[in-house]
Amino acid sequence: MFGFLIPYIDWSLVIGLTSAASIFAGAWLRNKQIARAEVNDATRMEQRFSDLRHDIGSLELKVETIEGIVQKHGESLGRR
3 MFGFLIPYID WSLVIGLTSA ASIFAGAWLR NKQIARAEVN DATRMEQRFS
53 DLRHDIGSLE LKVETIEGIV QKHGESLGRR
């Protein structure tokens with residue numbers, strides 16, 4: 003249908019535009035992968051931070067329990 007255009011097409015321009023489109027698409031996909039990896043890293047860091055807060059809370063509770071035991075033991079020693 004468009005066979006009459008073939009002699010008028012600048013094939014080097016077609017190849018150049020195709021190459022540029024390919025490079026652009028590759029860069030876009032790579033940036034998308036990098037963005038996804040950064041989101042995954044941020045999610046893992048948020049989870050780790052949450053885990054650390056939980057661990058700190060557990061340690062604080064244990065310290066309070068130990069302080070209570072020491073205080074009770076000290077009081078019982080003082081009564082002797």
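Our numbering puts the first residue of the sequence shown at 3, with every later residue one more than the last.
Here a beta-carbon is modelled for each residue, glycine too, at the ideal position from N, C-alpha and C.
None of these values were measured; they are calculated from a predicted model.
For residue i, the three-state DSSP class (helix, strand or coil)
i: Asp53; result: helix
i: Ile68; result: helix
i: Ile11; result: coil
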